[in-house]
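Okay, structure first, notes after.
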Amino acid sequence: MPEGPTVKRFQLHCSSFVGQGVTKVGGSTKQMNPDDLKGLMLQDTQVLGKNLFLAFGGVQEAATSHEGSSTEPSEPGSSSQGMGLDRGSPILQSWEGGKADSGGPGGPLQEEHEADLPSFMDDTAGPPWKWLRFHFWLYGSVRANEFARANKANKRGDWKDPVPRLVLHFDRGGFLVFYNCRIHSCSSPTAEPATDILSLEFDQERALGALCKAVPVCHTLLDQRYFSGLGNIIKNEALYLAKIHPLSLGSLLPLPELRSLLDHAVRFASEWFINKQQRGRQHWQIYQKERCPEGHQVRKEAFGPPDGLRRLTWWCPQCQPQVGQEEDEDLSTRGS
Ligand SMILES: [Zn+2]
Numbered sequence: 001m002p003e004g005p006t007v008k009r010f011q012l013h014c015s016s017f018v019g020q021g022v023t024k025v026g027g028s029t030k031q032m033n034p035d036d037l038k039g040l041m042l043q044d045t046q047v048l049g050k051n052l053f054l055a056f057g058g059v060q061e062a063a064t065s066h067e068g069s070s071t072e073p074s075e076p077g078s079s080s081q082g083m084g085l086d087r088g089s090p091i092l093q094s095w096e097g098g099k100a101d102s103g104g105p106g107g108p109l110q111e112e113h114e115a116d117l118p119s120f121m122d123d124t125a126g127p128p129w130k131w132l133r134f135h136f137w138l139y140g141s142v143r144a145n146e147f148a149r150a151n152k153a154n155k156r157g158d159w160k161d162p163v164p165r166l167v168l169h170f171d172r173g174g175f176l177v178f179y180n181c182r183i184h185s186c187s188s189p190t191a192e193p194a195t196d197i198l199s200l201e202f203d204q205e206r207a208l209g210a211l212c213k214a215v216p217v218c219h220t221l222l223d224q225r226y227f228s229g230l231g232n233i234i235k236n237e238a239l240y241l242a243k244i245h246p247l248s249l250g251s252l253l254p255l256p257e258l259r260s261l262l263d264h265a266v267r268f269a270s271e272w273f274i275n276k277q278q279r280g281r282q283h284w285q286i287y288q289k290e291r292c293p294e295g296h297q298v299r300k301e302a303f304g305p306p307d308g309l310r311r312l313t314w315w316c317p318q319c320q321p322q323v324g325q326e327e328d329e330d331l332s333t334r335g336s
């Protein structure tokens, strides 16, 4: 699954189109009507955790004249306000000004309003911009000015290129292509930056508090309420780097060890993001490895909370010894 650093790179692709109008659309998505975006301008981009948010809004004069008069903006009243990258816009103010609409303390991403989906721009009472939220499943991606090509033949021997979910052509000739993603409209990006491991506002103390619970640390690390953007790769790598067994209960670990785990997770995620910007390859120590860097045999098993998703976990029994043997063995049989 694209984790926080990957989604940040997708955002970089999109942000170069901010200020440009959408002239032509395509794609196979049934989750929204791509035609609704025609004639609108890309206003802003945000990343929160593993979600990419794009704001579309009122048509700029240039965009309308280019497109001709056939595409009327659905909100004529709003086309004169909230234009461009005006930092005084109501949405940015409410976003930057705090978490007033974030759904309460510790609240996860506000759920999208399913009922809004068919009428993307019909909400005339709302703010001048509308946000689309993209979630990229396991293999989703965003490309700028190029389509993905098949890298192998299918079962019948055909070379078939992947079908884009959404294609957006802009008025300066470039285009964005979105693959394998879920697309929903939402009122605004409502996650708290305090939970985003790649945000400067990431609240480390609150995250540390979550890690202290009597829960296996490998479960807590994937809890997006505290570690938005942290996925299975970062989980495995941070646990290895901190020399902590994945099923260790947070309540049994000394605070300095938990702090070290948190530091490793944040540092690994940040390095990964920087690496991605420079098109470098991030090196895994333990994820999908047979042996750890010390040469020990690595173990692999699916772990997850009783009510949640179980994710494959790699660990080195020698470098990451178990603490509180009895409790852990009990949990490992329950969790697998
Ligand atoms: Zn080892």
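Just so you know, we're using the UniProt record's numbering here: the sequence shown kicks off at 1 and counts up by one.
Idealized CB from N, CA, C, for every residue including glycine.
Classification of residue i by the beta-carbon crowding that lies within 10 angstroms, buried from 16 upward
i      : result
GLY229 : buried
GLN93  : Confidence at GLN93 is low in this model, with a pLDDT of 29, below 50, so its placement is unreliable and the value that follows should be read with caution. By the neighbour-count rule (16 or more Cβ atoms within 10 Å), GLN93 is not buried but exposed.
PRO34  : buried
VAL142 : buried
TRP272 : buried
PHE147 : exposed
ARG165 : buried
VAL163 : exposed
ASN51  : buried
GLY280 : exposed
ILE234 : buried
ASP158 : exposed
PHE120 : Low confidence applies to PHE120: its pLDDT is 37, below 50, so where it sits in the model is not reliable enough to give any reading.
PRO2   : buried
ILE197 : buried
HIS264 : buried
TYR240 : buried
ASN145 : exposed
LYS130 : buried
TYR179 : buried
THR6   : buried
GLY295 : exposed
Residue nearest to residue i in terms of C-alpha spacing, selected from the options
i           : options                        : result
VAL215      : PRO162, LEU247, ASN275         : LEU247
LEU221      : PHE147, VAL142, GLY308         : GLY308
ARG133      : ILE197, SER199, GLN11          : GLN11
LEU37       : HIS184, PRO193, TYR287         : HIS184
TRP315      : ASN275, GLY4, ASN232           : ASN232
LYS276      : GLY4, GLU3, ARG9               : ARG9
PHE17       : GLY174, ALA302, GLN224         : GLY174
PHE31       : CYS186, LYS152, ASP44          : Rather than Phe, the amino acid found at residue 31 in this sequence is Gln. Taking only the C-alpha atoms, the option nearest GLN31 is CYS186.
PRO305      : GLY58, ASP223, MET41           : ASP223
GLY39       : ALA238, CYS292, GLN20          : GLN20
PRO293      : ASP196, CYS319, TYR226         : CYS319
GLY57       : GLN43, GLY49, PHE227, LEU253   : GLN43
THR313      : ARG206, PRO321, LYS300         : LYS300
HIS219      : GLN46, GLN297, HIS245, ARG291  : HIS245
PHE136      : GLU201, LYS213, VAL47          : VAL47
LEU211      : LEU200, GLU201, SER199, PHE227 : PHE227
ARG311      : ASN236, SER15, LYS160          : ASN236
LYS243      : THR45, GLU290, VAL177, PRO321  : PRO321
ARG149      : GLU205, LYS160, LYS155, TYR139 : LYS160
SER251      : VAL217, PRO193, LEU262, VAL298 : VAL217
residue 337 : PHE303, CYS181, LEU138, ALA238 : For residue 337 there is no data in the structure shown, the boundaries of the chain being 1 and 336.
Closer than 7 Å: residue i CB and nearest ligand 1 heavy atom
i      : result
HIS264 : no
GLN318 : yes
GLU294 : yes
Residue i - partner residues in DSSP beta bridges
i      : result
GLY21  : MET41
THR313 : GLU301
PRO216 : LEU249
VAL47  : LEU52
CYS14  : None; CYS14 has no bridge partner.
ASP35  : Paired residue(s): none; ASP35 is not in a bridge.
LEU132 : LEU54, SER185
LEU168 : VAL25, LEU176
SER228 : ASP196
ARG143 : VAL177
ARG291 : GLN297
Cβ of residue i within 8 Å of any chain D Cβ
i      : result
LEU309 : As a matter of chain content, chain D is missing from the structure shown, which is built from one protein chain.
May I ask you to verify whether the segment 22-31 touches the segment 158-170, counting CB pairs closer than 8 Å and requiring at least 3? The segment 22-31 and the segment 158-170 touch, with no fewer than 3 CB-CB distances between them shorter than 8 Å.
Could you say if the segment 249-257 and the segment 278-289 meet the contact criterion of at least three C-beta pairs nearer than 8 Å? Touching, no.
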